[in-house]
Each structure stands twice: as C-alpha cells, then as structure tokens.
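Taken in order, these protein sequences are the chains called A and B. Under the working numbering, the residues of the first sequence are numbered 530 to 680, in order. Under the working numbering, the residues of the second sequence are numbered 30 to 391, in order. Built from N, CA and C at the ideal position, the CB exists for glycine as well. Taking it in order: structure first as structure tokens, then the write-up.
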Amino acid sequence: MKDHIDTNADRKAWMGLLAKAPEGQVAALLDANFTRPDHTWLRPPEIGSVMVRGRAGGTGAPFNLGEMTVTRCALRLPCGTVGHGYIQGRRKADAEVAALVDAMMQTPQADMVRTHVLTPLADARDAARATRAAKAAATKVDFFTMVRGDD
Amino acid sequence: MYVAVKGGERAIENAHAWLAEERRGDVNVPELSVAQIREQMALAVNRVMAEGSLFDPDLAALAIKQARGDLIEAIFLIRAYRTTLPRFGTSEPIATDTMACDRRISATFKDVPGGQVLGPTFDYTHRLLDFKLAADGDVADAPQRETDQADVPHVTDFLNREGLIEEAPHDDTVPRDLTREPLEMPADRPLRLQALARADEGFTLSLAYSTQRGYARNHAFVGELRIGTVDVEMDIPELGFAIDIGEITITECESVNQFTGSKTEPPQFTRGYGLVFGQTERKAISMALVDRAMRWEELGEDNVGAPVQDTEFVLYHSDNIQATGFLEHIKLPHYVDFQSELELVRKLRREAGAADMQEAAE
Numbered sequence: 530m531k532d533h534i535d536t537n538a539d540r541k542a543w544m545g546l547l548a549k550a551p552e553g554q555v556a557a558l559l560d561a562n563f564t565r566p567d568h569t570w571l572r573p574p575e576i577g578s579v580m581v582r583g584r585a586g587g588t589g590a591p592f593n594l595g596e597m598t599v600t601r602c603a604l605r606l607p608c609g610t611v612g613h614g615y616i617q618g619r620r621k622a623d624a625e626v627a628a629l630v631d632a633m634m635q636t637p638q639a640d641m642v643r644t645h646v647l648t649p650l651a652d653a654r655d656a657a658r659a660t661r662a663a664k665a666a667a668t669k670v671d672f673f674t675m676v677r678g679d680d
Numbered sequence: 030m031y032v033a034v035k036g037g038e039r040a041i042e043n044a045h046a047w048l049a050e051e052r053r054g055d056v057n058v059p060e061l062s063v064a065q066i067r068e069q070m071a072l073a074v075n076r077v078m079a080e081g082s083l084f085d086p087d088l089a090a091l092a093i094k095q096a097r098g099d100l101i102e103a104i105f106l107i108r109a110y111r112t113t114l115p116r117f118g119t120s121e122p123i124a125t126d127t128m129a130c131d132r133r134i135s136a137t138f139k140d141v142p143g144g145q146v147l148g149p150t151f152d153y154t155h156r157l158l159d160f161k162l163a164a165d166g167d168v169a170d171a172p173q174r175e176t177d178q179a180d181v182p183h184v185t186d187f188l189n190r191e192g193l194i195e196e197a198p199h200d201d202t203v204p205r206d207l208t209r210e211p212l213e214m215p216a217d218r219p220l221r222l223q224a225l226a227r228a229d230e231g232f233t234l235s236l237a238y239s240t241q242r243g244y245a246r247n248h249a250f251v252g253e254l255r256i257g258t259v260d261v262e263m264d265i266p267e268l269g270f271a272i273d274i275g276e277i278t279i280t281e282c283e284s285v286n287q288f289t290g291s292k293t294e295p296p297q298f299t300r301g302y303g304l305v306f307g308q309t310e311r312k313a314i315s316m317a318l319v320d321r322a323m324r325w326e327e328l329g330e331d332n333v334g335a336p337v338q339d340t341e342f343v344l345y346h347s348d349n350i351q352a353t354g355f356l357e358h359i360k361l362p363h364y365v366d367f368q369s370e371l372e373l374v375r376k377l378r379r380e381a382g383a384a385d386m387q388e389a390a391e
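Structure below.
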C-alpha cells in the first residue's frame, strides 16, 4: 500500500471504476451529456500486458500467475490538465474516454462528470455485483440435522 | 540436419485454403461468432486463458474459433500473441480473501462462516445428456436470495486457532519469472506455482491422481475451493499510487493434508495451493495436490521416487506448448536425417551379412 493512498483515494476510485467498465459504457455516458474536450496525446493508446501475481497459500510468497491485457494512454486538455487511462483488455477507444474522464474530473466540470458518468457507472457495477451475489446466495446450502431423540 | 528445399508452396497454399473452408464447415449452418464462443463455451475459453497464461476472454474465444476447437492449438496462438505485447508492469499480489465468490465450498468443515456456496456447478447433475439443449429454448432466470455481500474469509484463517494447520507467512520476495528467464533447477515454490498455473490440465490431473492413488501418497482434502472475481491492482509510476486496472475471474484451491510430522516439522495439517485463471476447478484442485507433493523436501518427507515428487520431471514436461512443439516437429520433413539413418542401417546389415558368410565359410 502507498503512503499517499488517502489523498489520492478519490482519483484511485474513479480510475478503478473506469478500468473495469464494460466496453463502450463510459463513452455512451460521456457523449450523452458532454461535448468531448480537445486534447493532445502525451501517450497515444497502446496495448500491452501486466503480469498478475498471486501468493502461495493466499498469504505467502508472491508468484507470477499469468498476464492480462491492458490498454493505456495519457492526454492533456487545452487547460493543461493531464488525464491517464489504464483499462482492462484491448480497447483503445475506451482507454481514450477513460483518460478524458480522468482529466475532466480534475477540472471545474468534476461535479457534473461525477453525476452523469461516474455515479451511473458505479450504480451499474453495484447492481451487476449484487445480482451475481444474490444468485450465489441462492445456492448456499442450509444444513439441517435430523432429530436424534430427546435432548 | 536441415537443408533448404524448394517446392511445396502451392500445396501449402491450397492446404491452408482448404483448412479455412473446413473450419467454416457447412455454410448452411450459421457461423459461430467470437462472442458466442466467449459466452457459451466459457469453460473452454477459461482453459485457453489459463494455459495460454493470458487473461483475455475475447482473444481466447477468437483462438478457439481459429483453432477449430483444438484447445492446445488455441493455447499456442495465445502464447504466440502474448510475446508480441509490451509488458507495462506487474500487479500487486491479488487478495483472494476479498473475492466476490460465485462458488465457495469446503470439504473439511461443514459450518464455515460464509457458508457452503455451490455456485453454477456440474456437481450433483446426473450426467445424462439433455436433449432439450439440442432445441432452441429460453432459460429461466436463476433464483436469487438476499445477501450481505461481506468478504468471505479463507477457511484456513479462522480454523487455525489451535495452530494445527501450517501457516503461509507473509513474504515479499520478488518471484522468478519463467517467461523472462529459462526454467532452471532447483525451482523454488513460487516458480513451481507459476509453471503449474499454466501447465496442461490433463498432465496435472494425472499427476494429482497418481499421488492420490499412492505414488508419494497425499491423502488430501479440499480445505477450500472458491471461484469468483478479484480486482487486480497495479502501481502506476506516473501517478505515484496504485489503481485497479481490471477484474479477473479465478479459481483457488487449498488442499489440506494430514501430516504425521517429520525430522523438521511437528504433526499438523499441511497445505497445497492451486490458483488458476477462470472457472477451472479440476485444474486448481490438481495443482494444489501436485504443489503439496513437490514440497516433500521442504517438509522433510522421504523421496520415494514417485513421478510427482520429481520436480524437474514435472516442470519440464508440464507445458503442453513445449511438449506439442517437440512432439509434432517429427512429422515435418526429416528426409536427410532419415536418409543418413537408412545408409547406416544398410551398412550395418551389409557388415552383418558379410560376417555371417564368413562364419558359414569357416
């Protein structure tokens, strides 16, 4: 864990939300409510991999489990704000939108972006998780013991 | 010996054209989309991701389509693609205790906190062919039940209060990476786990089965098996902090073995560990058993010469892409090699024949 995790907790949360959003969803929310700002590329979208690590026994020594695909980019708005996109999969258009949202969240537009993009995104994620968890819960075994005479 | 030979270009081109046609099959049957494979052949996709060692369901589905359902060929395609990717970095070790579990069972403790959650399992099905699937049909929504969605702790965490189960103490040693350096012996446990996580499912299953049956006997219980999603977090240097870069589905298995103690360790339950991409529980359980068996040296057990205890044998033969590459290359032209062997056999026979004649003459 990083020392400055608290000061960056908000940004960390929205970047994580953007990274895991389903394909095209962030773009749909952004374009429905905003005109995309101009930007210049600091790093055009590129596809690469990240080595995912696990721990032996869940808590012990780290080991390399395997890689996953990631797309990243960085851009600058005309006002100078820099936005980063780091998202799962091979999705250059989505990485661009993620970086735009990251940048816009650091401008006076932040509240509007939160209301129209991040909140609906988080709600959709929570609903999907809740549905899956509820399906899992329905498969939970309720054990009962046959009565074996008087106590 | 390799010699450049001309010819065969047209035959090869035509063979590939026919392959494309055969892959498509009867054009009166609708073509499979990659999304259909991803959604409806999900366990094949999971196996290709696990053994291809790259988590990307769309790519794995594409590879299965291209390979006509030959999963080892699909894994080969994924491994080849993987090598073209720049590596952006390495994640923090995933926290499997925060998994959003679809399935979580323990064969050792009935009343585990969090409960026995069966999930979408084949277990308890009757293994009778379901002819309704041959017809188009809608599927009923799965039932739901209220849940508090709390993190589900590992079974071994709260059952170890008596200290009867071996602990896995926290460690931050940077692991070796067999995708970056040749696999060299001796292989420590992190390297063995990396190799097993991408090892062939069939090979791993057979080895696990062998140790269950008595070759370096490992009478294992599934202490815990869980399938679900975890966040993947990575430190981003340009930001100066770590963010979630994605979410992956994984299967984790902790096997628990009775252990009567050795010269170095007290009697306790020892553990084997399996962790595999996707919903891949046969592989994860197998991995845990093989991991445990290969720990014989560390736990002070005897080497009884069982195949599963031979780390070098296991690791050098567990990778199906290395295996198939070496195996299948023998069908490619070896005309010159064979020519020289033919010459040798002819010469030996001439010499043997000459010796026989000599003997007969004497």
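Just to check my reading of the structure: residue i and residue j have Cβ atoms closer than 8 Å, yes? What is that Cβ distance to the nearest angstrom?
| i | j | result |
| --- | --- | --- |
| alanine 322 of chain B | threonine 240 of chain B | 5 Å |
| proline 336 of chain B | leucine 236 of chain B | 7 Å |
| threonine 119 of chain B | arginine 582 of chain A | 6 Å |
| leucine 234 of chain B | arginine 311 of chain B | 6 Å |
| threonine 278 of chain B | glycine 307 of chain B | 6 Å |
Is the beta carbon of residue i less than 8 Å from the beta carbon of residue j?
| i | j | result |
| --- | --- | --- |
| aspartate 320 of chain B | glycine 303 of chain B | yes |
| glycine 257 of chain B | alanine 124 of chain B | no |
| valine 646 of chain A | isoleucine 274 of chain B | no |
| glutamate 370 of chain B | glycine 587 of chain A | no |
| cysteine 602 of chain A | glutamate 625 of chain A | yes |
| alanine 528 of chain A | leucine 547 of chain A | Missing from the structure shown is residue 528 of chain A; chain A here goes from 530 to 680 and no further. |
| threonine 610 of chain A | alanine 632 of chain A | yes |
| lysine 94 of chain B | valine 63 of chain B | yes |
| alanine 538 of chain A | threonine 176 of chain B | no |
| alanine 89 of chain B | glycine 98 of chain B | no |
| glutamine 65 of chain B | glutamate 195 of chain B | no |
Which residues of chain B have a Cβ atom closer than 7 Å to the Cβ of residue i, listed in chain order?
| i | result |
| --- | --- |
| histidine 625 of chain A | Note on identity: in this sequence residue 625 of chain A is glutamate, with histidine being the wrong assignment. Near glutamate 625 of chain A there are no residues of chain B at all, since even the closest Cβ is about 16 Å away, more than 7 Å. |
I want to verify the contact list: residues of chain B whose CB lies under 9 Å from the CB of residue i, in sequence order.
| i | result |
| --- | --- |
| serine 555 of chain A | The sequence given here places valine at residue 555 of chain A; serine does not occur at that position. The contacting residues do not exist; valine 555 of chain A stays about 14 Å from chain B at best. |
| tyrosine 657 of chain A | For the record, residue 657 of chain A in the displayed sequence is alanine; it is not tyrosine. None at all; the shortest Cβ gap to chain B is about 10 Å. |
| lysine 549 of chain A | Asp260, Asp273, Ile274, Gly275 and Glu276 |
Grouping DSSP H, G and I as helix and E and B as strand, with all else coil, what is residue i?
| i | result |
| --- | --- |
| isoleucine 534 of chain A | For isoleucine 534 of chain A, the pLDDT reaches just 47, beneath the cut-off of 50, and the residue's location in the model is therefore unreliable, although a value from the coordinates is still provided. In this structure, isoleucine 534 of chain A counts as helix in the three-state DSSP scheme. |
| isoleucine 265 of chain B | strand |
| lysine 360 of chain B | helix |
| valine 343 of chain B | helix |
| tyrosine 153 of chain B | coil |
| arginine 39 of chain B | helix |
| leucine 88 of chain B | helix |
| isoleucine 93 of chain B | helix |
| valine 319 of chain B | helix |
| serine 239 of chain B | helix |
| valine 581 of chain A | strand |
| leucine 158 of chain B | coil |
| proline 574 of chain A | strand |
| valine 141 of chain B | coil |
| asparagine 286 of chain B | strand |
| phenylalanine 355 of chain B | helix |
| tyrosine 302 of chain B | strand |
| methionine 544 of chain A | helix |
| glutamine 223 of chain B | helix |
| lysine 292 of chain B | coil |
Which residues of chain A have a Cβ atom closer than 8 Å to the Cβ of residue i, listed in chain order?
| i | result |
| --- | --- |
| glycine 118 of chain B | Val579 and Met580 |
| arginine 111 of chain B | Ser578 and Glu596 |
Along chain A, which residues have their Cβ under 9 Å away from the Cβ of residue i?
| i | result |
| --- | --- |
| alanine 265 of chain B | It should be pointed out that residue 265 of chain B corresponds to isoleucine in this sequence rather than to alanine. Met544, Arg601, His613 and Tyr615, listed in chain order. |
| arginine 218 of chain B | Ala585, Gly589, Ala590 and Phe592 |
| isoleucine 123 of chain B | Val581, Arg582, Gly583, Arg584 and Leu594 |
| alanine 197 of chain B | Arg584, Ala585, Gly586, Gly587, Thr588, Gly589 and Ala590 |
Please list, in chain order, all residues of the same chain as residue i whose beta carbon is under 7 Å from its beta carbon, the five residues on each side excluded.
| i | result |
| --- | --- |
| arginine 221 of chain B | Asp320, Met323, Thr340 and Leu344 |
| arginine 53 of chain B | Glu60 |
| alanine 585 of chain A | Phe592 |
Starting from the beta carbon of residue i, find every residue of chain B whose beta carbon is closer than 8 Å, and list them in chain order.
| i | result |
| --- | --- |
| glycine 618 of chain A | Asp85, Asp87 and Gly275 |
| alanine 666 of chain A | Val146, Gln173, Arg174, Glu175 and Thr176 |
| lysine 669 of chain A | Gly144, Gln145, Val146, Leu147 and Arg174 |
Near residue i, which residues of its chain fall below 6 Å by C-beta distance, leaving aside the five closest residues on each side in sequence?
| i | result |
| --- | --- |
| phenylalanine 105 of chain B | Ile350 |
| proline 86 of chain B | Arg67 and Val74 |
| isoleucine 534 of chain A | Only weak support exists for where isoleucine 534 of chain A lies, its pLDDT of 47 falling under 50; the value from the coordinates is given anyway. For isoleucine 534 of chain A, where only same-chain residues beyond five positions count, there are no Cβ hits under 6 Å. |
| glycine 36 of chain B | none |
| phenylalanine 393 of chain B | With chain B represented from 30 up to 391, any question about residue 393 of chain B goes unanswered, as that position is not in the structure. |
| lysine 531 of chain A | Unreliable positioning characterises lysine 531 of chain A in this predicted model, as indicated by a pLDDT of 43, which lies under 50. The coordinate reading is nonetheless provided below. Excluding sequence neighbours, lysine 531 of chain A sits near nothing in its chain. |
Run down chain A in chain order and give the residues with a C-beta less than 7 Å from the C-beta of residue i.
| i | result |
| --- | --- |
| aspartate 152 of chain B | The premise fails here: aspartate 152 of chain B is roughly 11 Å from chain A at the closest Cβ pair, so nothing lies under 7 Å. |
| serine 82 of chain B | Gly595 and Glu596 |
| arginine 227 of chain B | Gly595 |
Going along the chain, which residues of its own chain have a beta-carbon closer than 8 Å to the beta-carbon of residue i, five neighbours each way excluded?
| i | result |
| --- | --- |
| isoleucine 272 of chain B | Glu262, Met263 and Ile265 |
| proline 182 of chain B | Asp126, Pro142 and Gly143 |
| glycine 329 of chain B | Ser291, Lys292, Thr293 and Glu294 |
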